[in-house]
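These notes concern the structure reproduced below.
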Amino acid sequence: MAQLIKNGAAATDSWNTLELTEGETPETVALPAGEVIFPLAVWQARKAEIAARPHIGLLLQSGDRVEDVADDLASFAVIAVHFPKFVDGRGYSTAALIRQRYGYTGELRAVGDVLHDQLFFMRRVGFDSYALKDGKNLAYALEAGFTPFGDAYQGATTQPQPYFRRRA
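Heads up: the sequence shown begins at 84 in our numbering, then just goes up one per residue.
Okay, structure coming up:
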């Protein structure tokens with residue numbers, strides 16, 4: 084099970100992610116009870132059934148389009164963005180769109196191949212929780228992951244003003 088960092092501290096994960104197994108389809112998969120993060124395809128296929136739940140999560144894969152669910156973002160307590168590989172940066176763009184263009188204010192979680200080297204940059208585009216890849220050192224990630232640099236020159240989701248504007 085992945086180790087969770089939420090708002091800069093170690094946290095317990097109360098959410099379960101629904102994964103389709105071989106032979107299951109979004110239309111036929113059994114929907115578990117509790118706090119569940121649903122893949123986009125399941126949300127789209129069974130939106131009416133899922134929307135009645137009090138706590139809903141959404142899982143976006145790297146190829147999913149935020150635009151397809153933009154009108155529903157306020158329905159989700161957590162949105163998990165999957166990073167299939169360390170070198171796949173599409174999740175950064177997805178997070179920036181969710182926060183900046185669509186104004187999502189709930190929990191935005193990075194999942195998948197999440198390493199401590201990425202935490203500083205993930206926070207800048209709007210992530211506030213991170214499910215570290217299995218086998219990674221949580222204490223080291225908390226200690227070194229968010230502070231590899233003292234400041235950043237460019238503006239970001241977390242600090243819209245570039246450094247030269249903040250200095251003046």
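We put the CB at the ideal spot given by N, CA and C, even for glycine.
This structure is a prediction, so every number in the text was calculated from the model and none was measured.
Pair within 7 Å by beta-carbon distance, residue i and residue j
i           : j           : result
residue 210 : residue 229 : no
residue 194 : residue 163 : yes
residue 159 : residue 196 : no
residue 192 : residue 161 : yes
residue 214 : residue 87  : yes
Simplified DSSP assignment, three categories, for residue i
i           : result
residue 177 : helix
residue 105 : coil
residue 222 : helix
residue 227 : helix
Rounded C-alpha distance that separates residue i from residue j
i           : j           : result
residue 173 : residue 85  : 21 Å
residue 128 : residue 240 : 31 Å
residue 222 : residue 96  : 17 Å
residue 126 : residue 212 : 22 Å
residue 242 : residue 183 : 11 Å
residue 90  : residue 111 : 36 Å
residue 165 : residue 120 : 12 Å
residue 115 : residue 226 : 36 Å
residue 144 : residue 245 : 30 Å
Point to revise | Three-pair Cβ contact test at 8 Å for the segment 100-111 versus the segment 143-150 | key: no
Review point. Enumerated in chain order, which unbroken segments of the alpha helix (DSSP H) with a length of 4 residues or greater are wholly contained in the segment 114-201?
Key: 123-128, 130-134, 173-179
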